[in-house]
Amino acid sequence: MKKAFYCLTGVMVFMLLAFAPQVCLADTLDQAYVTEYGWGSIVASDKAFPAKTKLNASLQDYRYGKFYVDRNQLNLRILNKDGKTYAQLLQEMKAAFAEKRNNILTDDMLFITIWLSHDHAGRQLYTTWPQERAATPDWSSYCEVQLVLDSEFMEFVTSGANWDKILKDCSEFKPTFASAKPGQMLYVAASVGFRRNAVELKRWDASQGRYVTPWEFVRSEPIATATIVIK
């Protein structure tokens, strides 16, 4: 991908950056991220999208394993568990779900799922907050960012979503985030997977007068997680 950038004109580079908000891709991850946060973490910033090649610790407020943010924006960088590439993670995931590999609609996806600690009325939604990095909350998620992992991602050990991408996929998140109270939390988990036709769930739909086949997402356990606290 780096070589491709060299072939672009200045105008084309500007257009690429202006209209590709979802991810920033660079060549080498700054290992300071791993030293500071560890593989399997999601780095959260309320200031800017954390650059891949250079850790700027001033963009993050990280204390005792949690990220603290103001409510102006949210940017996320994923550090894949065990430093594995997306190709490796997908290979493992697909082997674990071999029986579901038939009837794939969309292959190779990244999911960034967000849970809230409290609802709009301030009621606590959780009983036990996840403590392990591979944990998935036992209450309903609020929204999800989805990315198709094409070939350029396969050898990457990191990616992420900036504020624009989060709002594009989760438009309802902005007012919810802005109205959150200090001390309330978000739990964010990244996973890989695919979308498939669930032919085993085919059923008759009387309203349509035909059989319909629902689709489902098949996904791995979390490859990275974060607890984010509202300041």
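Quick note, my numbering runs 6 ahead of the 1-based positions in the sequence shown. Don't be surprised by glycine CBs; every beta carbon is placed ideally from N, CA and C.
Test item: CB-CB of residue i and residue j under 8 Å
i, j, result
"Glu150", "Ile172", "no"
"Leu85", "Ala50", "no"
"Ser47", "Ala232", "yes"
"Val224", "Asn109", "no"
"Asn203", "Leu96", "no"
"Tyr74", "Lys237", "yes"
"Arg201", "Trp221", "yes"
"Ile120", "Val194", "yes"
"Ala104", "Met160", "no"
"Ser147", "Met191", "no"
"Val235", "Lys72", "yes"
Which listed residue (the options) has its alpha carbon closest to that of residue i
i, options, result
"Glu178", "Met99, Asp125 and Lys237", "Asp125"
"Met115", "Glu158, Ile236, Ala184 and Gly46", "Glu158"
"Leu61", "Gly44, Lys72, Tyr70 and Gly71", "Gly44"
"Lys90", "Val235, Ala230 and Trp145", "Ala230"
"Thr142", "Leu153, Ala196 and Lys180", "Ala196"
"Gly128", "Phe183, Val40 and Asp175", "Phe183"
"Glu70", "Ala38, Lys87 and Gln137", "One detail in the question is off: residue 70 reads as Tyr in this sequence, not Glu. Among Ala38, Lys87 and Gln137, the Cα nearest to that of Tyr70 is on Gln137."
"Trp145", "Trp135, Leu153, Tyr39 and Val154", "Trp135"
"Thr41", "Gln79, Leu80, Asn78 and Asp88", "Asp88"
"Ala63", "Leu80, Ala212, Tyr39 and Leu155", "Tyr39"
"Leu239", "Asp211, Cys176, Leu155 and Gln37", "With the chain represented from 7 up to 237, any question about residue 239 goes unanswered, as that position is not in the structure."
Endpoints, alpha helix (DSSP H) assigned at residue i
i, result
"Phe183", "Phe179 to Ala184"
"Ala38", "Ala38 to Tyr43"
"Ala102", "Tyr92 to Ala102"
heavy atom of the ligand NAP below 7 Å from residue i C-beta
i, result
"Ala184", "In the structure on display, the ligand NAP does not appear, and there are no ligands present to speak of."
Boundaries (first-last residue) of the beta strand (DSSP E) holding residue i
i, result
"Val235", "Ala230 to Ile236"
"Met115", "Ile110 to Leu122"
"Gln247", "A question about residue 247 goes unanswered here, because the residues of the chain that appear run from 7 up to 237."
"Leu192", "Met191 to Asn203"
"Lys60", "Where Lys60 is concerned, there is no enclosing beta strand (DSSP E), given that its DSSP letter is neither H nor E."
"Ser51", "Ile48 to Ser51"
Chain-order list of residues whose beta-carbon lies under 7 Å from that of residue i (same chain, five-residue window excluded)
i, result
"Lys100", "Arg107"
"Lys53", "Leu65"
"Leu35", "Lys58, Val163 and Thr164"
"Thr133", "none"
"Asp113", "Phe200"
"Ser226", "Leu95, Met99, Ser197, Val198 and Gly199"
Per DSSP, the bridge partner or partners of residue i
i, result
"Gly166", "Arg83"
"Glu206", "Glu206 is not bridged to any residue."
"Ser221", "Going by the sequence as given, residue 221 is Trp instead of Ser. Paired residues: Asn203."
"Arg216", "Asp211"
"Tyr74", "Val235"
"Arg69", "Lys72"
"Gln137", "According to DSSP, Gln137 bridges with nothing at all."
Same chain only: Cβ atoms within 6 Å of residue i, ignoring 5 sequence neighbours per side
i, result
"Asp76", "Asp52 and Lys237"
"Lys180", "Leu173"
"Gln130", "His124"
"Arg139", "Gly46 and Thr231"
Same chain only: Cβ atoms within 8 Å of residue i, ignoring 5 sequence neighbours per side
i, result
"Cys30", "Low local confidence applies: a pLDDT of 43 at Cys30 is under 50, so the model's placement there is unreliable, with the coordinate-based value given in what follows. Hits under 8 Å: Phe55, Ala57, Lys58, Gly166 and Asn168."
"Pro188", "Ile236 and Lys237"
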